[in-house]
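Numbering (my numbering), first residue to last: 73 to 233.
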Amino acid sequence: MTAALPPSAVIDTNAILDWLVFQDPGAAFGRAIECGALRWIATPAMLLEHRRLFASPSLGAWSPDVARLEAAWARWAQVDTDTVPACALRCTDADDQMFIDLALARRATWLLTRDRALLKLARRAATTGLRVLTPVHWQISTSASPEAAAETHSPAASRRP
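Set out below in structure tokens:
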């Protein structure tokens, strides 16, 4: 018998920065990823967006360790190189469309974001089984325990047939 995969999440750029650059305690999803209780799925376009930000002068004050950020992507992100089809839900911010498209196409359990344009899609996305949440609301919904995320939100339990 094979073990079930942990639930998956698509995580937007700002949430990733909160975890990897700012070490925000509200980014508990990072601990869940690190301990294997949550799968982080992404696309090459998302990685490119992060690389542009890693080199951006706007992050200069925080002196991000680019090698550490690249290592985190290589270790924890499951980069999906398959073409992701456009979904029926349209984000008002075209730059954020890739996050909702991937989350729905790959049947992610969560889309973690602080972006208002993506959060506006939460109600409609919920009809598909996708929960669009802020990282803080994800933390509350999983009892702040990475292990609880895996136990209470198994892929089978979080999806409709």
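Note that beta-carbon positions come from the ideal geometry of N, C-alpha and C, so glycine has one too.
Subject >> ALA198 versus TRP182, ARG186, GLN211 and ARG188, residue with shortest Cα-Cα distance >> reply: TRP182
Original post:
Considering only C-alpha positions, which residue in the set GLN150, PHE171 and ALA146 is nearest to ALA158?
Top reply: Nearest to ALA158 by alpha-carbon distance, out of GLN150, PHE171 and ALA146, is PHE171.
Original post:
Considering only C-alpha positions, which residue in the set LEU174, GLU142, ALA139 and LEU202 is nearest to VAL156?
Top reply: In this structure, LEU174 is the residue among LEU174, GLU142, ALA139 and LEU202 with its C-alpha nearest to the C-alpha of VAL156.
**OP:** Please name the residue, chosen from THR200, ARG203 and THR153, that lies closest to ALA117 on a Cα-to-Cα basis.
**Re:** THR153
Original post:
LEU176 lies in the beta strand (DSSP E); which residues open and close that run?
Top reply: Looking at the DSSP string, LEU176 is not in any beta strand (DSSP E); the run it does join, the alpha helix (DSSP H), is 169 to 177.
Original post:
Which residue or residues does DSSP assign as beta-bridge partners of SER80?
Top reply: ARG111
Original post:
Do you know how far the Cα of GLY102 is from the Cα of ALA81?
Top reply: 11 Å
Original post:
In terms of alpha-carbon separation, which member of ARG188, ASP165 and LEU161 lies closest to LEU202?
Top reply: Ranking the options by Cα distance to LEU202, first place goes to LEU161.
Original post:
Should GLN211 be labelled buried (16 or more other beta-carbon atoms within 10 Å of its own) or exposed?
Top reply: buried
Original post:
Which value, in whole angstroms, describes the spacing of the CA atoms of PRO136 and THR214?
Top reply: 29 Å
Subject >> Three-way DSSP call (helix, strand, coil) for ARG186 in this model >> reply: coil
**OP:** Check the DSSP bridge columns for ALA149 and list the partner residues they point to.
**Re:** TRP112
Original post:
Can you give the beta carbon distance from ARG186 to THR206, rounded, assuming they're within the 8 Å contact cut?
Top reply: 5 Å
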